[in-house]
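J.:
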Amino acid sequence: MPELPEVETIRKGLEEYLIGHTIIDVEVRLPKIVQGDISEVKGGKIVSVRRFGKGLVIDLDNGYLLAIHIKLTGQLIYAGKKIPQKVKVIKQLYSSLPNKWTHVIFHLDQGETLFYNDFRQFGWIKIIPQGDLKKLVFFKELGPEFFRDLTLELFEKIIKKSNTSIKPLLIDQKKISGVGNIYSNDALSLAKIDPRRKASSLTSDEIKCLYESLETVLKRGLQYGGASELSYINALGGEGSYQKHFLVYGRQGQKCFNCGGTIEKIQLGGRGTYFCKLCQK
DNA sequence: AAGGATACCTGAATGC
DNA sequence: TGCATTCAGGTATCCT
1 MPELPEVETI RKGLEEYLIG HTIIDVEVRL PKIVQGDISE VKGGKIVSVR
51 RFGKGLVIDL DNGYLLAIHI KLTGQLIYAG KKIPQKVKVI KQLYSSLPNK
101 WTHVIFHLDQ GETLFYNDFR QFGWIKIIPQ GDLKKLVFFK ELGPEFFRDL
151 TLELFEKIIK KSNTSIKPLL IDQKKISGVG NIYSNDALSL AKIDPRRKAS
201 SLTSDEIKCL YESLETVLKR GLQYGGASEL SYINALGGEG SYQKHFLVYG
251 RQGQKCFNCG GTIEKIQLGG RGTYFCKLCQ K
């Protein structure tokens, strides 16, 4: 669901459409989503949009920022003059906004709008002073991430000292950030490693292969604009297409692309885990 | 202290 | 038919 590629796709969209806009007013329809004093963002101009792991940060020029986590079903949708004409799918969506899942509405200058929708209400939006980002437990405890500060050497160190099986380790945000259920399953398939293997039992060659496989599937996810399972959409309300290219995720009963074996589904660390017993050793 | 289980939610799919 | 149960997964929290 929303993992590094999905959240990064949203970030790019927000960066393209929101920077330079001033927040005129905010409508909070479901108070539990928002923490902090929402009035602090009024009059603030959006200067940058950053991502750390699966978390987003919208920086304002008035000393405050919005820290946002969309969890499983959050959506950040831009509505305004900069929507490209060719995007037609979205017209239906836009005519329905705000809808019953719209919990926060940011009214921007020039009559533009940013909607926060979340049908399962797991996400959060926190308003804090600029310098306090690392005081938030979520950001403070994030592990290193791919394409930023996770090197192969560091990856190997993290895996070797872990006492859990490899798949739950990959989705532990405190160890490595950005990877979730979809990309961890697919990377283990590409690396031909059994998700149940104890992390510390992996050889250096296997760790290198897994590192490269994670980079490959995350890049693929970025290339396809994320995986639109459930309710993930980008900042323009458009869907990604990585779900059409899943290697093992959601493919139980179907054939493995590596060896033709049958993909099985088990529970591991309380999460659906998909793999091929024939080639993932 | 690390790691596992459960709660938080709702809608879709499945069960009887 | 229709109501109840199960499942989905990213944290946050509690427990061992």
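Here the first sequence is numbered in my numbering, starting from 1 and rising by one per residue. Just so it is clear, CB atoms sit at the ideal spot from N, CA and C, and this is done for glycine as well.
#1: Can you confirm whether the segment 4–12 touches the segment 232–247 when touching is taken to mean that 3 or more C-beta pairs between the two stretches lie within less than 8 Å?
#2: If distances are taken between C-alpha atoms only, which option among R50, F122, I33 comes closest to S231?
#3: Does the segment 259–275 come within contact of the segment 191–199, defined as at least 3 CB pairs closer than 8 Å?
#4: What is the DSSP secondary structure of N234, reduced to helix, strand or coil?
#5: Kindly indicate which three-state DSSP category I171 falls into: helix, strand or coil?
#6: On a CA-only basis, which of K208, K174, I182 is nearest V217? Give me that one, please.
#7: What is the residue span of the alpha helix (DSSP H) that F115 lies within?
#8: Suppose you measure from the CA of Q35 to the CA of I10; what does that come to, to the nearest Å?
#9: Does DSSP put A79 in a helix, a strand or coil?
#10: Pick from P31, S184, E264: whose alpha carbon is nearest that of D118?
#11: Start and end of the alpha helix (DSSP H) containing I24?
#12: Take G74 and list the residues in its own chain whose beta-carbon comes closer than 8 Å to its own, dropping the five residues that flank it on each side.
#13: Just to confirm the assignment, what range does the beta strand (DSSP E) spanning F257 have?
#14: With a 10 Å radius around its C-beta and 16 neighbouring C-beta atoms as the bar for buried, classify V26 as buried or exposed.
#15: If you reduce the DSSP assignment to three classes, tell me which class C209 lands in.
#16: Confirm, please, whether the CB-CB distance from I19 to I46 is below 7 Å.
#17: Beta-carbon within less than 7 Å of R251's beta-carbon, same chain only, minus the 5 sequence neighbours each way: which residues are those?
#18: What do you get for C256, buried or exposed, if any count of 16 or more other CB atoms within 10 angstroms of its CB means buried?
#19: Between the segment 148–161 and the segment 199–214, are three or more C-beta pairs nearer than 8 Å?
#20: Taking only the alpha-carbon atoms, compute the straight-line gap between Q280 and L152 and give it to the nearest angstrom.
#21: Let me know the secondary structure DSSP gives G221 once reduced to three states.
#22: Could you give the distance in angstroms between the alpha-carbon of L170 and the alpha-carbon of Q110?
#23: Bridge partners for I263 per DSSP, in chain order?
#24: Between which two residues does the beta strand (DSSP E) holding K126 run?
#25: Considering only their Cβ atoms, is the gap separating K174 from E141 smaller than 7 Å?
#26: What are the start and end residues of the alpha helix (DSSP H) that includes A187?
#27: Quick check on the DSSP output: the beta strand (DSSP E) that includes F52 runs from which residue to which?
#28: Can you give me the C-alpha to C-alpha distance between D37 and G13, rounded to a whole angstrom?
#29: Is it true that the CB of F106 sits closer than 7 Å to the CB of L114?
#30: Compute the distance between the beta-carbons of I125 and E40, then report whether it is under 7 Å.
T.: Taking the geometry as given:
#1: yes
#2: For the purposes of this step, residue 231 is taken as residue 231 along the first sequence, with counting starting at 1. With distances taken between Cα atoms, S231 lies closest to F122.
#3: yes
#4: For the purposes of this step, residue 234 is identified with residue 234 of the first sequence, where counting begins at 1. In the structure shown, N234 sits in coil (DSSP, three-state: anything other than H, G, I, E or B).
#5: For the purposes of this step, residue 171 is taken as the residue at position 171 of the first sequence. Coil.
#6: In the first sequence, counting from the first residue as 1, residue 217 sits at position 217. The shortest Cα separation from V217 among K208, K174, I182 belongs to I182.
#7: To locate residue 115, count along the first sequence from 1; it is residue 115. No alpha helix (DSSP H) contains F115, which is instead part of the beta strand (DSSP E) from 113–118.
#8: Stepping through the first sequence from its first residue, residue 35 is reached at position 35. Stepping through the first sequence from its first residue, residue 10 is reached at position 10. The alpha-carbon atoms of Q35 and I10 are separated by roughly 21 Å.
#9: On the first sequence, residue 79 is found 79 positions in, with the first residue counted as 1. Strand.
#10: Numbered from 1 along the first sequence, position 118 holds the residue referred to as residue 118. Checked all of P31, S184, E264; the closest Cα to D118 is P31.
#11: For the purposes of this step, residue 24 is identified with residue 24 of the first sequence, where counting begins at 1. First-last for I24: 23–28, but that is the beta strand (DSSP E), not the alpha helix (DSSP H).
#12: On the first sequence, residue 74 is found 74 positions in, with the first residue counted as 1. Around G74: P2, I68, Y116, N117, D118, F122, G123.
#13: One-based indexing of the first sequence puts residue 257 at position 257. Per DSSP, F257 belongs to no beta strand (DSSP E) and is neither H nor E.
#14: Counting from one through the first sequence, the residue named residue 26 turns up at place 26. Buried, by the Cβ-count rule.
#15: Counting from one through the first sequence, the residue named residue 209 turns up at place 209. Correct three-state label for C209: helix.
#16: Locating residue 46 in the first sequence gives position 46, where the first residue counts as 1. Locating residue 19 in the first sequence gives position 19, where the first residue counts as 1. In this structure, I19 lies closer than 7 Å to I46 by Cβ.
#17: By one-based count along the first sequence, residue 251 stands at place 251. I263, Y274, listed in sequence order.
#18: Here residue 256 is taken as the residue at index 256 of the first sequence, counted from 1. Buried, because 16 or more other Cβ atoms sit within 10 Å of the Cβ of C256.
#19: yes
#20: Numbered from 1 along the first sequence, position 280 holds the residue referred to as residue 280. Numbered from 1 along the first sequence, position 152 holds the residue referred to as residue 152. Answer to the nearest angstrom: the Cα atoms are 21 Å apart.
#21: Residue numbering aside, residue 221 sits at position 221 when the first sequence is read from its first letter. Note: G221 maps to helix in three-state DSSP.
#22: For the purposes of this step, residue 170 is taken as residue 170 along the first sequence, with counting starting at 1. For the purposes of this step, residue 110 is taken as residue 110 along the first sequence, with counting starting at 1. Cα-Cα distance, rounded: 43 Å.
#23: Taking the first residue of the first sequence as 1, we reach residue 263 at position 263. Partner(s): C276.
#24: Position 126 of the first sequence holds residue 126. Its beta strand (DSSP E) spans residues 124–129.
#25: As a working note, residue 141 is residue 141 in the first sequence. As a working note, residue 174 is residue 174 in the first sequence. Their beta carbons are under 7 Å apart, which means E141 touches K174 by this criterion.
#26: Numbered from its first residue, the first sequence carries residue 187 at position 187. A187 -> alpha helix (DSSP H) spans 181–190.
#27: Locating residue 52 in the first sequence gives position 52, where the first residue counts as 1. It spans 46–52 - the beta strand (DSSP E) in which F52 sits, taken as one unbroken run.
#28: By one-based count along the first sequence, residue 37 stands at place 37. By one-based count along the first sequence, residue 13 stands at place 13. Straight-line Cα distance between these residues: approximately 26 Å.
#29: Along the first sequence, read from residue 1 onward, the residue named residue 114 stands at position 114. Along the first sequence, read from residue 1 onward, the residue named residue 106 stands at position 106. In contact: L114 and F106 (Cβ atoms closer than 7 Å).
#30: Your numbering for residue 125 matches position 125 in the first sequence. Your numbering for residue 40 matches position 40 in the first sequence. No, these two residues do not count as a Cβ contact at 7 Å.
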